[in-house]
Amino acid sequence: MKDSKGEFFDANNPVPKALAQWRQLERARILKLRSELSLTTRQDMDQAIGEKLDTVLGDVHGRVCSLYWPFRGEPDLLQWMGTLVLRGGIVALPVVIQKKQPLAFYTWSPGEKLEPGIWNIPVPVDGSAVIPSVVIAPLVGFDQALFRLGYGGGFFDRTLASFPHKPLVIGVGYELGRLVTIFPQPYDIPMDIIITPDHIYRPEAGITDKSIRNP
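Just so you know, we're using my numbering here: the sequence shown kicks off at 1 and counts up by one.
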């Protein structure tokens with residue numbers, strides 16, 4: 001079927017096909033660039049992201065912070081997770097319970113047991129179910145309105161929409177993923193803050209650098 005602008009829609013997917021294809025191409029382009037980063041470069045950038053997270057979060061004692069187990073070249077914050085726990089923070093990892101359903105979150109500390117979850121991403125074995133007050137989510141790409149380009153599964157947006165109270169939502173990624181816009185749809189939820197190795201982006205400031213890739 002077509003919308004009012006004549007764009008084709010899949011009946012099971014409200015995203016216009018042209019937009020879905022564009023996002024898929026941008027995803028592939030950014031992931032390729034990300035895969036080409038050297039280990040040393042990646043480690044330096046991930047450390048810088050961790051330092052900026054410390055600046056943004058301040059005192060984390062008693063706060064439940066959802067993070068993630070890195071894959072496909074995402075910023076590796078495992079070392080930072082350890083420092084978060086030492087400072088009294090509570091780490092939670094996301095778990096896919098069922099496709100097309102919100103994620104669940106279970107507590108985890110470095111050294112505790114993990115088992116392979118969907119896509120073989122490790123998930124906690126003995127953690128307790130929690131609702132995070134801070135959600136730190138990896139970005140493939142992001143735009144000047146702080147919308148996130150993910151992998152296209154929709155887990156993240158469904159999860160945020162399901163929370164009884166809105167958490168602080170922080171996206172983390174690399175500058176190579178900056179875009180003018182991801183052409184957000186009604187279900188896309190913007191980040192409160194986006195952190196890269198070089199910048200802390202907030203809604204009031206936005207992203208105005210003219211070097212951002214124009215799709």
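Beta carbons are placed, not taken as given, at the ideal position from N, Cα and C, and that holds for glycine. Here the structure is a predicted model, which means the values were calculated and not measured.
In DSSP terms, what residue i is bridged to
{"i": "THR107", "result": "ALA92"}
{"i": "VAL216", "result": "It is not possible to answer for residue 216, since the shown part of the chain is limited to 1 through 215."}
{"i": "ARG178", "result": "PHE142"}
{"i": "TYR187", "result": "Partner(s): none; TYR187 has no beta bridge."}
{"i": "ILE200", "result": "ILE195"}
{"i": "ILE171", "result": "Here the sequence assigns Gly to residue 171, which means Ile is not the residue at that position. Beta-bridge pairing links GLY171 to ALA137 and ILE194."}
{"i": "ALA129", "result": "TYR106"}
Status (buried if at least 16 other CB within 10 Å, exposed otherwise) for residue i
{"i": "ASP198", "result": "exposed"}
{"i": "ASN214", "result": "Note on ASN214: pLDDT 44, under 50, position unreliable in the model; no value is reported."}
{"i": "ILE118", "result": "exposed"}
{"i": "THR40", "result": "exposed"}
{"i": "GLY127", "result": "buried"}
{"i": "LEU86", "result": "exposed"}
{"i": "ASP44", "result": "exposed"}
Cβ pair residue i, residue j closer than 7 Å
{"i": "GLY150", "j": "LEU179", "result": "no"}
{"i": "ILE182", "j": "ILE136", "result": "no"}
{"i": "MET191", "j": "LEU146", "result": "yes"}
{"i": "SER216", "j": "GLY73", "result": "Because the chain in this structure spans residues 1 to 215, residue 216 falls outside the shown range and cannot be described."}
{"i": "ASP157", "j": "TYR201", "result": "no"}
{"i": "VAL130", "j": "PHE105", "result": "yes"}
{"i": "PRO75", "j": "ILE49", "result": "yes"}
{"i": "MET81", "j": "LEU67", "result": "yes"}
{"i": "ILE30", "j": "GLY177", "result": "yes"}
{"i": "PRO167", "j": "PRO132", "result": "yes"}
Whole-Å CB distance - residue i paired with residue j, under 8 Å assumed
{"i": "ALA92", "j": "VAL64", "result": "6 Å"}
{"i": "PRO138", "j": "GLY173", "result": "6 Å"}
{"i": "VAL123", "j": "GLU115", "result": "6 Å"}
{"i": "ILE193", "j": "VAL56", "result": "6 Å"}
{"i": "GLY89", "j": "VAL60", "result": "4 Å"}
{"i": "LEU84", "j": "ASP46", "result": "Their Cβ separation, rounded to whole angstroms, is 14 Å, which puts LEU84 and ASP46 out of contact at 8 Å."}
{"i": "ARG23", "j": "GLY152", "result": "7 Å"}
Residue-chain proximity (residue i, chain D), Cβ-Cβ < 7 Å
{"i": "VAL64", "result": "Included in the structure is just one protein chain, with no chain D present."}
Just list the beta strand (DSSP E) runs in the segment 137–162, keeping only unbroken ones of 3 residues or longer that don't cross its boundaries, in chain order.
Runs of beta strand (DSSP E) with 3 or more residues, each lying fully within the segment 137–162, are found at 141–143, listed in chain order.
What ranges does the alpha helix (DSSP H) occupy inside the segment 21–73, keeping only unbroken runs of at least 4 residues that lie completely in it?
Counting whole runs of 4 or more residues, the segment 21–73 contains the alpha helix (DSSP H) stretches 39–57.
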